Amino acid sequence: MYLHHLTVQAFGPFARTEAIDFDALASNGLFLLRGDTGAGKTSILDAVCFALYGTVPGIRPTHRLRSDHAPTGTRTQIILEFSAAGRRLKITRKPRQSYPSTRAKTGTATAEATVELHQQTSTTDGAAKWEPVSANHQDTAREIEAALGLSKEQFCQVVLLPQGDFATFLRSDAKDRAVLLRRLFDTGRFQELQAWLTNRSKAAQEDLNEVTSTLQQLGERIHQEAGPLLHQEGTGAEEPSRPDLQHPADILPWAQHLSARAQSAHATAVADEQRSDIEHQNAKTEHQRTIELANHQTQHAQAQARRAALDDKAAGHPRLRSQLNTGGRAEQLRPLLDTVKRTALTLGTATNAEDDARLPLPDEHRHTSTPQLRDALEQHHAEKGRAEGLLPDEQQHTQLGIQITDLNAKEEQARADLEEDEQWLTAWPSLEAEHTGRLADMTKAADQVPQHEQDIQTLNAHLEAARLRDTLTGKLVSAAKTETDRAAEALETKKLWLDLRERRLDGMAGELADELTDGTPCSVCGSPDHPQPAQRQPDQPTREDEEKARTLDEQADTLHVQASSHRHDLATQHAEASGAAGPTPSDELKAQLTKVKKAHRSACEAAAALPSAQETLTRLRTEHDTRTRQRQAAQARVTECQARTKTLAQQQTALAHTLAAVRGTATTLDERITELSRTAQNLSDAIDAAQKTADATSRHRDATTTATTTAHGAGFPTLDEATAALQDPALLEQWSQELDQWGKDDAVVTDLLKTPALLEAGLQPPADPQAAAKALTEAEERAKKTAADRQQTDHRVTALTDLISTLKARLSDLDPLQARHALADRLASIASATTTANTLSMELEAYVLAARLEEIADAANIRLQAMTSERYLLQHTADKDAGRRGRLKSGLGLRILDTWTGTERETSTLSGGETFTASLALALGLADVVTQEASGRPLGTLFIDEGFGTLDEQNLQEVMDVLDQLRAGNRAVGIVSHVAELSRRIPSQLNVMKHRNGSTLRPLIKTDL
72 MYLHHLTVQA
82 FGPFARTEAI
92 DFDALASNGL
102 FLLRGDTGAG
112 KTSILDAVCF
122 ALYGTVPGIR
132 PTHRLRSDHA
142 PTGTRTQIIL
152 EFSAAGRRLK
162 ITRKPRQSYP
172 STRAKTGTAT
182 AEATVELHQQ
192 TSTTDGAAKW
202 EPVSANHQDT
212 AREIEAALGL
222 SKEQFCQVVL
232 LPQGDFATFL
242 RSDAKDRAVL
252 LRRLFDTGRF
262 QELQAWLTNR
272 SKAAQEDLNE
282 VTSTLQQLGE
292 RIHQEAGPLL
302 HQEGTGAEEP
312 SRPDLQHPAD
322 ILPWAQHLSA
332 RAQSAHATAV
342 ADEQRSDIEH
352 QNAKTEHQRT
362 IELANHQTQH
372 AQAQARRAAL
382 DDKAAGHPRL
392 RSQLNTGGRA
402 EQLRPLLDTV
412 KRTALTLGTA
422 TNAEDDARLP
432 LPDEHRHTST
442 PQLRDALEQH
452 HAEKGRAEGL
462 LPDEQQHTQL
472 GIQITDLNAK
482 EEQARADLEE
492 DEQWLTAWPS
502 LEAEHTGRLA
512 DMTKAADQVP
522 QHEQDIQTLN
532 AHLEAARLRD
542 TLTGKLVSAA
552 KTETDRAAEA
562 LETKKLWLDL
572 RERRLDGMAG
582 ELADELTDGT
592 PCSVCGSPDH
602 PQPAQRQPDQ
612 PTREDEEKAR
622 TLDEQADTLH
632 VQASSHRHDL
642 ATQHAEASGA
652 AGPTPSDELK
662 AQLTKVKKAH
672 RSACEAAAAL
682 PSAQETLTRL
692 RTEHDTRTRQ
702 RQAAQARVTE
712 CQARTKTLAQ
722 QQTALAHTLA
732 AVRGTATTLD
742 ERITELSRTA
752 QNLSDAIDAA
762 QKTADATSRH
772 RDATTTATTT
782 AHGAGFPTLD
792 EATAALQDPA
802 LLEQWSQELD
812 QWGKDDAVVT
822 DLLKTPALLE
832 AGLQPPADPQ
842 AAAKALTEAE
852 ERAKKTAADR
862 QQTDHRVTAL
872 TDLISTLKAR
882 LSDLDPLQAR
892 HALADRLASI
902 ASATTTANTL
912 SMELEAYVLA
922 ARLEEIADAA
932 NIRLQAMTSE
942 RYLLQHTADK
952 DAGRRGRLKS
962 GLGLRILDTW
972 TGTERETSTL
982 SGGETFTASL
992 ALALGLADVV
1002 TQEASGRPLG
1012 TLFIDEGFGT
1022 LDEQNLQEVM
1032 DVLDQLRAGN
1042 RAVGIVSHVA
1052 ELSRRIPSQL
1062 NVMKHRNGST
1072 LRPLIKTDL
């Protein structure tokens, strides 16, 4: 990975845009980042890390990356161009930032963090261009990690060798080293493997326990199933006892012996069941025979009772047969007798109907013969025809009356219309003058509406401006006072801050002396010895005091600027409002506006009514012309109606004389025709009734003659005797069925009493079904008991057989599970270092980390020997740390071997310069191993931050020689330091200059030094 160009804007101590050309700066392979303490040297490394990963090294929050010196409108951003994995990339990253906003309710808005990643490609003509790759954080993070092959933690450790971390890792205990190495080498998978082996061992133990528990449960179930066998009599001393359940292999012989005893008991139960089944079948046969005998004896007794009942009924049969014979002969005459009865009824009905039909006739026709009735009917039909012929004349007479009435109504209406039109035309001249004057007034008012509207608009604008002018006058006075107060406060806070800063600078030696500890290099001179440190003044301000005062000064200055801007805005607005309003007071403008609005409203109302007034005048003039024509037409209608009424009255009088002669006493011809029709209908009904009476008399006479002749032939002298002999057909059928049923019952009873089985049953003693049922019940109980015993033994044999089969299967699983558990437990114990088989007493992850640390130490010794004239070597040791409890070893110990004396000692015994040299070698070795582990890709750019002030001349030369070796393979090494000697040794430099308004960058070349 090679850095090409870095641009920072409003980042950290840099208030504005600063750019670094790494290609030019690292052209010699070695360059120096120099500057005063706090100028921002490390912030350049923070910018590189933030551009790539979105965060900075350590625990500093990303929301504090913005420069406090930057203008409000400048957006914080980092642009980094670099090459990795054969690709040239450019990443632009902006952190989350708040800024003032007039649209936001709180006065501030927030711009979210953004990132853009581009890749340089070539066009068809060879020109370079940037193509977008991604524009969201997740995709960019994946692209960066794929290109670099390093996580953020690995990058910070192997590329940005951080200040102070060298010695910390060298002097830290095994626990702290393990945290760092675990994070860099991602050895969590070995922890997971160790946990997996432990879980595997537990699972195998659970499976083994499950099988053992199952075998114990099978033993318990076998004991439960064979319980009755264990308590039977005859168990000898040679019977095997119940085995111990902790030894599952002994259960099988005991279970097989119990199974053999169960099978023997089952054979005995089967024999008992067969014997009880035979006894039950015999009892069932005897019970059935007893029931059958009892039934036969009951049937025999019932047949004898029925025989006696039939003999009692036979005494009344002769009389019943005589009545059945007479009724049968009379039944043959029933149709003829019914006909005679029916014709007699019909004759009586016809006679009554004829009497009723003659009753409505006039007295002269009530007792006349039928021919005379027909003559009267023809006379009425002729008179009705004449009346019907005069119906059109009657209708004409009525229509003439309607027309005369209508003409009279029209004449009256015409006279009313004529009178109304004459009255309206008389009032027309005065009505026309009134509407013409009103229309002229409305037209004049409508012409004044535009002028009123213009006056209202002008007065509204003046009134609004006057109100705003009055409001801003008070606000402007208040804003001016606030500006004066804020200016005084800003001046006071600025004075306090500068005084405090000057006092702190005067006592800076004492503040730096308080931070010195024995053995720690001085940040000014680099010496680890501090014989006469300066003393802090009693009222010496601290950095925090100065920062707090500076913050208060910035806040007061910001408030003063805001107050001044606010007063200036109000003054501008007040001047604009005064120019627009003029000198007139607001109350006077408001009164003028009210007066103009009232006049405008009246004019608008008049203008709105103008079309209606014009329409009304037009309508009245049209109505005048119409009424003039209507008056002439009404006069003509009156004359016409009078002439036509006289003609129609003469025609009506002639028709009235003709109709009166035909109507007689009736009012109308329809009434006369109805009267004649009713009389004719009565005559016709009387004629029909007389004819029906004659027909009924003839039919009744014929029916009586036929019935009398037939009755004589059937043996009945008269029709009355035949009628008396009639019986109900249902009764005759009942008598016949009774006689037939008696014959059938007699035959059945006779045959039944002759049955051999009944005869034999009658001769035997009475049967006892209850005794037979009791014997059957006892036999059934014995059969059920033996069947239950047999089923119980059958179930016991089946259960024991199944349990023994399951027992054999589970016993076959026992040996493989024991072997599997032994293997898994041994591996888990070795990985967890809980067994003596792990001779190193190290857990799996600790072993892997120890191997990595050994590789790091070997890589570090190559450079450490060169930087210490081959005196010192880092020795990796697996011994347990001092003060560590338990027998486990971390395997992460480091010691220093002094080859000049041949002795080993703790790393804490090294001097300040030696500590830096050993730490630098260790950091470079760590970078080599981590790089090889992560991706194996070469690191083209490397930064080393601080620590060179602790080296003497010789050590510094040896370290510089090693750093020169790092440039091999086109690698660039950047050193972050303020040591003056390095400024003389390294020609390519980037000077970070600290100013009151923020830091700036200045590249230095050899001629500038």
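Those letters in the sequence shown? Residues 72 to 1080, per this note's numbering, in order.
From the three backbone atoms N, C-alpha and C, an ideal C-beta is built for every residue, glycine too.
Keep in mind the model is a prediction, meaning the values are calculated, not measured.
With a threshold of 7 Å, establish whether the CB of residue i neighbours any heavy atom of the ligand MG.
i	result
Gln703	Among the ligands in the structure shown, none appear at all, so the ligand MG cannot be discussed.
Run through the DSSP bridge pairs and tell me what residue i is partnered with.
i	result
Trp201	Gln191
Pro1074	Leu1061
Gln169	The sequence shown places Ser at residue 169, rather than the Gln named in the question. Ser169 pairs with Thr181.
Thr948	Gly964
Ser154	Tyr73, Arg159
Ile1046	Leu103, Ile1015
Asp92	His76
Asp969	Tyr943, Thr974
Gln148	Gln80
Phe85	Phe82, Ser1070
Leu231	Phe1014
Arg164	Ile149, Val186
Arg137	Phe82
So, are the CB atoms of residue i and residue j less than 8 Å apart?
i	j	result
Thr439	Thr764	no
Thr1012	Phe93	yes
Gln722	Leu461	no
Thr826	Leu407	no
Phe226	Ile149	no
Ala846	Glu357	yes
Leu920	Leu993	no
His436	Ala447	yes
Pro203	Glu216	no
Ala937	Asp1032	yes
Phe1014	Val1047	yes
Thr113	Asp1016	yes
Thr417	Ala767	yes
Ala899	Met913	no
Ala561	His639	no
Ile758	Ala458	no
Our contact map puts residue i next to residue j with C-beta atoms below 8 Å; I'd like the distance itself, whole angstroms only.
i	j	result
Leu74	Val119	7 Å
His523	Val667	6 Å
Asp488	Gln703	Their Cβ separation, rounded to whole angstroms, is 11 Å, which puts Asp488 and Gln703 out of contact at 8 Å.
Gly125	Asn1062	Not quite, the Cβ-Cβ distance comes to about 28 Å (not below 8 Å), so this is no contact.
Arg708	Lys515	Going by Cβ atoms, the distance from Arg708 to Lys515 rounds to 46 Å, so no, they are not a contact pair.
Ser755	Lys455	Wrong, their Cβ atoms sit about 13 Å apart, outside the cutoff.
Ile362	Ala326	At roughly 52 Å, the Cβ-Cβ gap does not stay under 8 Å, so Ile362 and Ala326 are not in contact.
Val520	Ala634	About 50 Å; that fails the 8 Å criterion.
Thr147	Pro166	6 Å
Leu664	Leu539	That pair is no contact at about 16 Å.
Leu797	Arg377	Actually they do not touch by this definition, with Cβ atoms about 36 Å apart.
Only counting the same chain, and skipping five residues up and downstream in sequence, which positions put a Cβ closer than 8 Å to that of residue i?
i	result
Arg853	Ser347, Glu350, His351
Tell me which residues share the same chain as residue i and place their Cβ nearer than 6 Å to its Cβ, disregarding the 5 neighbours each side in the sequence.
i	result
Ala297	Leu329
Glu916	Thr258, Phe261, Gln262
Could you pull out every residue in the same chain whose Cβ sits closer than 7 Å to the Cβ of residue i, ignoring the five residues on either side in sequence?
i	result
Ala727	His468
Ala642	Leu547
Arg158	Gln190, Ala218
Gln1060	Phe102, Leu103, Arg105, Ser1054, Leu1075
Ala354	Ala846, Leu847, Ala850
Pro612	Leu571, Arg574, Arg575
Below 8 Å, can you find three or more Cβ-Cβ pairs linking the region 860-880 to the region 330-339? yes
Taking one C-beta from the region 493-504 and one from the region 689-701 each time, how about it: are there three or more such pairs within less than 8 Å? yes
Cβ contact (3+ pairs, closer than 8 Å) linking the region 269-280 and the region 884-904: yes
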